[in-house]
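Okay, structure first, notes after.
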Amino acid sequence: METQTQPVREQVTPAPGTSFLVKHYPEPRLRADKLPKWHFHPELELVYVRGGHGRRHVGSHISHYRDGELILIGSNLPHLGFTNRVTNNEKETVVQFAENFPTGEFLELPEMRKVKELMYRARNGISFYGTTRTVLGSRLERLIDLPPLGRLLLLVDILNELAISTEYEELNAEGFHLEVETHGFERFNEIQEFIHTNFARDIPLDEIAGVAAMTVPAFCRYFKKTTGKTFVTYLNDYRIVYACKLLADDHSTVQNVAYDSGFNTVSQFNRAFKKHTGKTATEYRSAFKLHVRGGIPE
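Quick note: the sequence shown uses our numbering, first residue 65, plus one each step.
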């Protein structure tokens, strides 16, 4: 894979006569089967993925979603895309809007207080689950068929419902400390691309420090300050999320999943997997199968 050496700032341009952008992808099998770019944009982003499972990588948070996703991403919060041909989702809807949507004056109205608070909380990324995900996700999909004013009114209503929901998880609970407009983002982007290409093998600290053009002690301080995690913990989290995908696809034994995910021993993998997910790999695979069949939820 060609290593990406510059941060990607996505340009968000609403259609003429509209104040925000709505994108709908009804046929994921036609999407390019490649790693989505690690990118950011000043606009907030609300994404609904109907069905499927894949990686959720927002800021320093890495986890595995299943049976769809509804997520709100704050301004300038780096993230990867959530779908491609192998996520097996039915469709995806993406809405991008400015920090002061719909206007700064409108946000200051007392009726918009909770929505304004939601948009502030989104700086760390928020994933919604349960009824909130299914009901509001379905409503979000309707935006693509509405005229501009109808879209505006429905989006404001959806944001209000999200603001009062209790069915959510804050993804970067301790914050994501990287200032994306500085050289720090470029450095972190290079580290992230290197991890993606090499996570299945041992990555010594001196090697990854060299990618960042830093000494090992300086790199360890930088990485912990940036992500809130040590490099080893972050790398293991990345590997576990990849393992979750392999287990959900059910194409390999647990032992092979462990080695394919970059762990040297099955016992090391089992300890890391249980710590990250709260389940053994076998329990996770069984729970996933039940969930897909409409059985016991996670």
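Yeah, the Cβ is synthetic: ideal placement off N, Cα and C, and Gly gets one too.
Exercise for review: Assign Y298 to one of two classes, buried (16 or more other C-beta atoms within 10 Å of its C-beta) or exposed (fewer than that).
Suggested key: buried
Check your understanding: Using the beta-carbon count (16 or more within 10 Å), is R335 buried or exposed?
Key -> exposed
Check your understanding: Since Q75 sits in a beta bridge, which residues does DSSP pair it with?
Key -> Note: Q75 sits in no beta bridge, so no partner.
Check your understanding: When the Cβ atoms of the region 188 to 208 are set against those of the region 221 to 234, are three or more pairs found closer than 8 Å?
Key -> yes
Check your understanding: Got a sec? Which residues, its chain only, sit under 6 Å from E154 by beta carbon, not counting five neighbours each side?
Key -> R114, G115
Check your understanding: Residue ranges of each beta strand (DSSP E) run of no fewer than 3 residues wholly in the region 180 to 258, ordered along the chain?
Key -> 190 to 192, 232 to 234
Check your understanding: Comparing alpha-carbon positions, which option in L235, T77, P212, L204 lies nearest E225?
Key -> L204
Point to revise | CB of G123 within 7 Å of CB of N262, strictly | key: no
Check your understanding: Along the chain, which unbroken stretches of the beta strand (DSSP E) at least 3 residues long are found entirely within the region 260 to 299?
Key -> none
Review point. Looking only at its own chain, which residues have a Cβ that is under 6 Å from the Cβ of V76, when we skip the five neighbours before and after it?
Key: L85, H105, E107, Q160
**Study point:** G168, buried or exposed, once every other Cβ within 10 Å from all chains shown has been counted against 16
**Key:** exposed
Point to revise | Other residues of its chain near K101: CB distance less than 6 Å, five sequence neighbours each side excluded | key: V72
Review point. How many angstroms separate the CA atom of N140 from the CA atom of L110?
Key: 13 Å
Point to revise | Nearest-angstrom Cβ-Cβ length linking C284 and F295, presumed shorter than 8 Å | key: 7 Å
**Study point:** Under the three-state DSSP convention, the category F104 falls into
**Key:** strand
Point to revise | Cα-Cα separation between D313 and I135, rounded to whole angstroms | key: 23 Å
Check your understanding: Of all the beta strand (DSSP E) runs that stay within the bounds of the region 128 to 174, which reach a length of 3 or more residues?
Key -> 133 to 137, 155 to 161
Practice item. Please report the residue range of the beta strand (DSSP E) in which K338 lies. Key: From DSSP, K338 is part of no beta strand (DSSP E) but of the alpha helix (DSSP H) over 330 to 341.
Practice item. Go ahead and pull the three-state DSSP assignment for E347. Key: helix
Check your understanding: With distances taken between CB atoms, is the gap from A276 to I255 smaller than 7 Å?
Key -> yes
Exercise for review: In the DSSP assignment, find the beta strand (DSSP E) that holds G118 and state where it starts and stops.
Suggested key: 117 to 122
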